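799 is the number of the first residue of the sequence shown in the numbering used here; add one for each residue after it.
Every residue, glycine too, gets a C-beta built ideally from N, C-alpha and C.
In this text the structure is predicted, and so the values were computed from the model without any measurement.
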Amino acid sequence: MTFDLTPEQDQLRDAVRALGRRYGHGYFVEKAKAGEHTTELWAEAGRLGYLGVNIPTEYGGGGGGITELAIVCEELAASGCPLLLLVVSPAIAATVLNRHGTEEQRKRHLPGLADGSQKIVFAITEPEAGSNFHRLGTVARRDGDGWLLNGRKCYISGVDEADHVLVVARTEDSSTGKLKPALFLVPTDAAGLTRSKLDMEIVSPENQFLLYLDDVRLPADALLGESLDAGLPALFAGLNPERITVAAMGAGTGRYAIERASEYTATRKVWGGRSIGSHQGVSHPLAHAAVQVELARLMIQKAATLYDAGRDLEAGVSGNMAKYAAGEAAALAVDTAVQVLGGAGMTTEYGVATLLGAVRAGRIAPVSREMILNFVAQHVLGQDKSY
Ligand SMILES: Cc1cc2nc3c(=O)[nH]c(=O)nc-3n(C[C@H](O)[C@H](O)[C@H](O)COP(=O)(O)OP(=O)(O)OC[C@H]3O[C@@H](n4cnc5c(N)ncnc54)[C@H](O)[C@@H]3O)c2cc1C
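What follows is the structure, given as structure tokens:
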């Protein structure tokens, strides 16, 4: 057992950290408040190869795994730039395409995802179905050689920045007549696809949307994979990378908040010559949060290692646990940082309260803490399914 990164992974961590620090949380917040995107940071990360670290070299990527992508997510977040679209585009979409797309789809999309010139976002959540994906109501019907999609999606991140949305729909199985999941690559400018921006209480340059699919006509090759049978495995293929990278983002955000807070409490003096950090009422909550973040990082490393070793089922358990632990740790770290900074904690300038919405959302999305607990109760503890 080793807890060391390889020299290449160490270099990647240092290089991404340097890039993230050059932009920093001030840049992230400025973009968010101006209603703009982090276009420059994304483009530079793409040029430097960080967005494609997990994409095979033959499609222009770095040939690494989710371990490398988790490093990118964590380090950018630890610099104050938690980019949710890293989870959606390189983690979910690139993995799904690489594992289950046709060769033609891989060639068409992976190089652009690797260099950042393309973004593909992911749409599964629906207003009526919520956490219960068995109730998905977006339906794809055969339309000549192609497909006709109808349905609604909600909270879909980054549609305004993306070329395509990977839409999870259902098709009728010709043999059983039952509806089964299928994924479709829908261009964001497709006729019949409209969107409206949701007002979210999260300081982020990335936006969430309601999506309306009204008779969206798609060619045959918009269906992800060689046949309808690719749907279910493709859907599952995205889950582990999603959970591991979102956990990494949470751990990075937690580190960022604790670092900001520790700098402050080590120097702030209001009782004579001693720093407020010398009071255990201030330092212990911070130390406690640091322990929780570090524990989450360990589970992230384990999950990423298992995933990259092809041990998907075990990675599923660890990935869910990592996502749970990191979500809780990030929320605790940011809340604690706000508290120990006192009034400064609520200012924009000190850059911690700006993360409250994001870390709160991290306990709900992309999978809620309750649904993870359901998963652990059922698959680890052997309890009957509760829903
Ligand atoms: C910032 C943000 C970005 C997002 N981006 C995307 C995206 O890009 N693409 C996408 O498809 N979706 C996205 N989502 C949606 C997200 O995945 C869902 O919000 C999440 O899966 C929960 O679904 P819901 O909101 O419908 O909650 P519901 O399913 O209505 O659940 C409400 C509450 O009830 C709990 N609950 C529900 N069922 C059970 C049960 N059986 N046992 C115990 N508790 C239960 C839930 O945990 C939750 O706390 C995003 C959401 C947010 C907030």
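| Check | Outcome |
| --- | --- |
| Taking G956 and L883 to be in contact with their CB atoms under 8 Å, please state how far apart those CB atoms are, rounded to whole angstroms. | 5 Å |
| Spatial neighbours of V886 within its chain, please: C-beta separation below 7 Å, excluding the five flanking residues on both sides. | V919, F920, S955, G956 |
| Going by the C-beta, is P1164 closer than 7 Å to any heavy atom of ligand 1? | yes |
| Consult DSSP for A988 and reduce its assignment to one of helix, strand or coil. | coil |
| Would you say the beta carbon of S1184 comes nearer than 7 Å to a heavy atom of ligand 1? | yes |
| Going by beta carbon distance, what residues of the same chain come within less than 7 Å of T1065, once the five residues before and after it are set aside? | S1073 |
| Below 7 Å, is the gap between the Cβ of Q1181 and the nearest heavy atom of ligand 1? | no |
| In chain order, which continuous runs of the beta strand (DSSP E) of length 3 or greater are located wholly inside the region 1090-1120? | none |
| Nearest CA to the CA of T855: which residue from H932, A892, Y825? | A892 |
| Within this structure, are the beta carbons of A830 and V1001 separated by less than 8 Å? | yes |
| Give a yes or no on whether the minimum CB-CB distance between Q1006 and chain C is below 8 Å. | This model lacks chain C altogether, as it is built from one protein chain only. |
| To which residues does DSSP link D941 through a beta bridge? | G944 |
| What do you reckon, is the C-beta of M1119 under 7 Å from a heavy atom of ligand 1? | no |
| Would you report the Cα separation of E1092 and A1049, rounded to the nearest angstrom? | 8 Å |
| So L1021 packs on A980, CB below 8 Å; how close in whole Å? | 6 Å |
| Given 7 Å as the limit, tell me if T923 has its C-beta closer than that to any heavy atom belonging to ligand 2. | Ligand 2 is not part of this structure, which contains only ligand 1. |
| Which residue wins for smallest C-alpha separation from E1168, given the options V1138, A1123, V1136? | A1123 |
| Count the other CB atoms within 10 Å of the CB of S1184; is the residue buried (16 or more) or exposed (fewer)? | exposed |
| Inspect the beta-carbon positions of A912 and L849 and report whether they are closer than 8 Å. | yes |
| Between which residues of its own chain and V1115 is the CB-CB distance below 7 Å, once the five residues before and five after are set aside? | H1177, V1178 |
| Only counting the same chain, and skipping five residues up and downstream in sequence, which positions put a Cβ closer than 6 Å to that of A988? | V1014 |
| Express the C-alpha separation of W1069 and L867 in angstroms, rounding to a whole number. | 45 Å |
| Cβ of G860 versus every heavy atom of ligand 1: is any distance shorter than 7 Å? | no |
| Determine the direct distance from the alpha carbon of D943 to that of A1018, and round the result to whole angstroms. | 6 Å |
| Whose C-beta lies closer than 6 Å to the C-beta of E959 among residues of the same chain, with five residues either side of it excluded? | H835, K917 |
| Please name the residue, chosen from V1136, C952, Q807, L996, that lies closest to A1055 on a Cα-to-Cα basis. | V1136 |
| Identify which residue in L1171, Y857, Q1181, A1156 has its Cα closest to the Cα of L881. | A1156 |
| With the cut-off set at 8 Å, would you say V827 and G1143 are in Cβ contact? | no |
| Under three-state DSSP, which class holds P979? | strand |
| Just how far apart, CA to CA, sit G1036 and G1071? | 53 Å |
| Output yes or no for whether 8 Å exceeds the beta carbon distance between S929 and S1166. | yes |
| Per the DSSP calculation, L740 is bridged to which residue(s)? | Here the chain comprises residues numbered 799 to 1185, so residue 740 is not present and cannot be evaluated. |
| Once you ignore the five residues that flank T1146 on each side, which residues in its own chain have a CB closer than 7 Å to its CB? | V827, T1152 |
| In this structure, does DSSP put V1178 in helix, strand or coil? | coil |
| Return the chain-ordered list of same chain residues with a C-beta closer than 8 Å to the C-beta of E1024, the five sequence neighbours on each side being excluded. | T900 |
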